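Chemist: Numbering (the working numbering), first residue to last: 655 to 1267. Let me give you the structure first, and then I'll get to my questions.
In structure tokens, the structure reads:
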């Protein structure tokens, strides 16, 4: 029997056939052929082998072709009824024939089949929802979702709906090409461009590797394969192809991460999520950070795809329940970001090394009595909230996992406690300092986690309070005591030329007014040169530090009235050349540094009053 194996199986098959002795075969890169040989070499008992019985279960089918018959059609028909091939294998045989072997070897093979390691990457099993499929099928699904949004092809709505289904993926490719008269050669080149980007950036084994604390493709991979947001792959791949500025692209990845993690923490309904990342963002050519913010911010708070506000993050950290893997992933991403740029005695392990621990055990009744005034219902809610959960590099021994707080914290005998395993873990630094662990301590930590989440995954939405209320910038957090002081909230106020202390945004408005009073002949252009856009706090959507009334009216942004002094008392200013304008109201404490320097440089007296809750 003549057997012609695939390019990567050929060498492995030859090596196995050439063995002189009945021994295991060790290879640097595993393959199914080698794994199969080693399995049978280990498990077959020659004394029980009956070759006649074996042959009775092997069936050969001969197919004879006459001249002019298309072997590819027969091949497709047979495989549609038998063992499922990957979409990559089917497309390879669809695009290339024996007569175009040179093109296959020049184009397709280097991207998909160059060596065993590359083949293993594409053959790796990927979990997508309830489905398990080959990585190469995962890629071809993502690519097709991008391709059908190409305005030059003009794919109909009905066809888009059908082509986006995973079922019949290969047939969808053939139908797209034939229905819309696409050039196969051009499509091959386009597929290969995207496949190279996919291979160089998409890592299904990300749980086994290091995760940086700053936005980038590694953290996107974590969202895709650990938190299982596989629906974002088409848009991520689209950005890799169409946004060449790495800094801009990583900023967009950071915003996507904020969007997804906020929704994950709040357990928002992900209905229409696939439409967003597989269609809407692509068909609308959203390829800049600002356009991405505009698109997502314009969702109303009660819409399925809205960005959860800070208040919802705080509430969720106190009250939501999470599946273990989801909670662990949230804590792990928090940990990586908090650690970024700080020296640590130990390196953070890959995600797969960690397990989730309920600090107070779920079976708490024996060793964790209720404190006075606490109900079982309150205890039950606290035990499952994010503020109560810990990531540890090793599971605690069962003998102490349900023990009292002191024993669980310090350990007993050879059974090490949380203090040992939490060494150098930022998200547990305050936990191990606590003498007691009860509802109050859990609430404190829930506040701390919420604040860190809001800091690391900002929404950049304007504040929810009234624009003219100078008591704004108030805390969202419960005022629980904290031994570490980590729960303090900033209430810094600023006074200009001995005037009353005001919030950051009111201070900036007052400064612009004072500057105009000091230099009444300033035109709007001159004011823009002084109050330049580089002073604005990074991240928030804005037109500039100053914004004309005409610019504001033309701006399509749902929160534009909150982003400028439109609704403030005396918030509309007028330049010497008769232009009405507004002042940006979005300021962080760090962003105020440049404003304060500007004020002092122009002869104004500034006083800073720091308050904390």
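Here a beta-carbon is modelled for each residue, glycine too, at the ideal position from N, C-alpha and C. In this text, all values refer to a predicted model and were calculated from it rather than measured experimentally.
(1) For residue 1076, which three-state DSSP category applies?
(2) Less than 7 Å between the beta carbons of residue 667 and residue 687, yes or no?
(3) Indicate the three-state DSSP secondary structure (helix, strand or coil) for residue 995 in the structure shown.
(4) Tell me which same chain residues have a C-beta within less than 8 Å of the C-beta of residue 1024, skipping the five on either side of it?
(5) Is residue 1201 helix, strand or coil by DSSP?
(6) Only counting the same chain, and skipping five residues up and downstream in sequence, which positions put a Cβ closer than 6 Å to that of residue 1048?
(7) With a threshold of 6 Å on Cβ separation, who are the neighbours of residue 758 within its own chain once the five nearest residues in sequence on each side are excluded?
(8) Specify, as a first and last residue, the run of the alpha helix (DSSP H) that residue 1145 falls within.
(9) Per the contact definition of three or more C-beta pairs closer than 8 Å, is the segment 777 to 785 in contact with the segment 909 to 925?
(10) Closer than 8 Å by C-beta to residue 994: which residues in its own chain qualify, once you throw out the five before and the five after it? Chain order, please.
(11) Please classify residue 1185: does DSSP put it in a helix, a strand, or coil?
(12) Which partner residues of residue 1156 appear in the DSSP bridge assignment?
(13) Label residue 1017 either buried or exposed according to how many other C-beta atoms from any shown protein chain fall within 10 Å of its C-beta, with 16 as the threshold for buried.
(14) In three-state DSSP terms, what is residue 824?
(15) Put residue 916 into one of helix, strand or coil per three-state DSSP.
(16) Considering only the beta carbon of each residue, do residue 1103 and residue 1041 sit closer than 7 Å?
(17) Look up residue 1107 in the DSSP assignment and say whether it is helix, strand or coil.
(18) Please determine, among 1085, 1226, 1196 and 1223, the residue with the shortest C-alpha to C-alpha distance to residue 1212.
(19) In its own chain, which residues sit with a C-beta less than 6 Å from the C-beta of residue 1028, not counting the 5 before and 5 after it?
(20) Expressed to the nearest angstrom, what Euclidean distance is found between the alpha-carbon atoms of residue 768 and residue 670?
(21) Within the segment 983 to 1055, note down every full alpha helix (DSSP H) run reaching 4 residues or more, in order along the chain.
(22) From residue 1008 to residue 861, what distance separates their C-alpha atoms?
(23) Among the residues of its own chain, which have a CB less than 6 Å from the CB of residue 1159, if the five just before and after it don't count?
(24) What would DSSP say about residue 1066, mapped onto helix, strand or coil?
(25) Less than 7 Å between the beta carbons of residue 1175 and residue 1230, yes or no?
(26) Within its chain, find whatever has a CB closer than 8 Å to the CB of residue 1000; leave out the 5 residues flanking it on each side and keep chain order.
(27) With a Cβ-Cβ cutoff of 7 Å, do residue 926 and residue 891 count as a contact?
(28) Take every Cβ of the segment 817 to 826, pair it with every Cβ of the segment 793 to 809, and state whether three or more of those distances are shorter than 8 Å.
(29) Report all residues from its chain with a CB closer than 7 Å to the CB of residue 922; omit the five preceding and five following residues, and keep chain order.
(30) Measuring alpha carbon to alpha carbon, tell me which of 856, 1115, 1044 and 909 ends up nearest residue 1082.
(31) Thinking C-beta only, is residue 1151 closer than 7 Å to residue 1256?
(32) Note down the Cα distance separating residue 609 from residue 789, rounded to an integer number of angstroms.
(33) In whole angstroms, what is the alpha-carbon distance linking residue 822 and residue 1215?
(34) Which value, in whole angstroms, describes the spacing of the CA atoms of residue 1134 and residue 1011?
(35) From this set, 877, 858 and 845, which residue's C-alpha is nearest residue 777's C-alpha?
(36) Please report the distance separating the alpha-carbon of residue 1205 from that of residue 949.
Modeler: According to the structure shown:
(1) coil
(2) yes
(3) Here residue 995 sits in coil by DSSP.
(4) 1030 and 1033
(5) strand
(6) 1075
(7) 750
(8) Element bounds for residue 1145: n/a, residue is neither H nor E.
(9) Taking one beta carbon from each stretch, the segment 909 to 925 and the segment 777 to 785 have fewer than 3 pairs nearer than 8 Å; the two do not touch.
(10) 866, 867 and 868
(11) coil
(12) Bridge partners of residue 1156: 1148.
(13) exposed
(14) Helix.
(15) In the structure shown, residue 916 sits in a helix (DSSP, three-state: H, G or I).
(16) yes
(17) helix
(18) 1196
(19) Hits under 6 Å: 1093.
(20) If I take the Cα positions, the gap works out to 21 Å.
(21) 1030 to 1038 and 1052 to 1055
(22) So the alpha carbons of these two residues sit roughly 10 Å apart.
(23) 1239 and 1241
(24) It is a strand residue.
(25) yes
(26) 1077 and 1078
(27) no
(28) Result yes; three or more Cβ-Cβ pairs closer than 8 Å.
(29) 962
(30) 1044
(31) no
(32) No information on residue 609 is available, as it lies outside the stretch 655 to 1267 that the chain covers here.
(33) Roughly 49 Å between the two C-alpha positions.
(34) In this predicted model, residue 1134 has a pLDDT of only 42, less than 50, meaning its place in the structure is not dependable; the value taken from the coordinates is given anyway. For residue 1134 and residue 1011, the distance between alpha carbons rounds to 23 Å.
(35) 858
(36) 19 Å
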